[in-house]
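>
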Amino acid sequence: MTQTASQLDAMIADFRRMLPEQSATAQAIDRQEPWQQIALNAVADGYIEFANELSRFIEVCVRRGV
């Protein structure tokens, strides 16, 4: 679980570096909101592919029981 959590954190941190400060997605990441809220903000900000990647990552973790 720790490795998976750190992979998720790394994925989010990598994406965060590309975001403008004022975006809702960046602000949600900075507030350390749950991944679901980050994904919703990403969709609202137009970062559909990132939201899809985030959702797929979580889905794989759930399926594996991680």
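Numbered per the working numbering, the sequence shown spans residues 3 to 68.
Every residue gets a Cβ at the ideal spot worked out from N, C-alpha and C, and that includes glycine.
1) By the three-class DSSP mapping on this structure, what secondary structure does residue 33 have?
2) How would you write the range of the alpha helix (DSSP H) that residue 51 sits in, first residue to last?
3) So, are the CB atoms of residue 46 and residue 26 less than 9 Å apart?
4) Can you check which of these residues, 30, 34, 55, 12, is closest to residue 43 by C-alpha distance?
5) Are residue 52 and residue 10 closer than 9 Å when you measure CB to CB?
Quick look at the numbers:
1) Taking the sequence shown and counting its residues from 1, the one referred to as residue 33 is at position 31. DSSP places residue 33 in coil when its eight states are reduced to three.
2) Residue mapping note: residue 51 aligns to position 49 of the sequence shown, counting from 1. Taken as a continuous stretch (DSSP letters only), the alpha helix (DSSP H) holding residue 51 covers 50-66.
3) As a first step, residue 46 must be located in the sequence shown, where it is residue number 44. As a first step, residue 26 must be located in the sequence shown, where it is residue number 24. Closer than 9 Å, so yes.
4) Taking the sequence shown and counting its residues from 1, the one referred to as residue 43 is at position 41. Nearest option by C-alpha distance: 30.
5) Here residue 52 refers to the residue found at position 50 of the sequence shown. Here residue 10 refers to the residue found at position 8 of the sequence shown. In this structure, residue 10 does not lie closer than 9 Å to residue 52 by Cβ.
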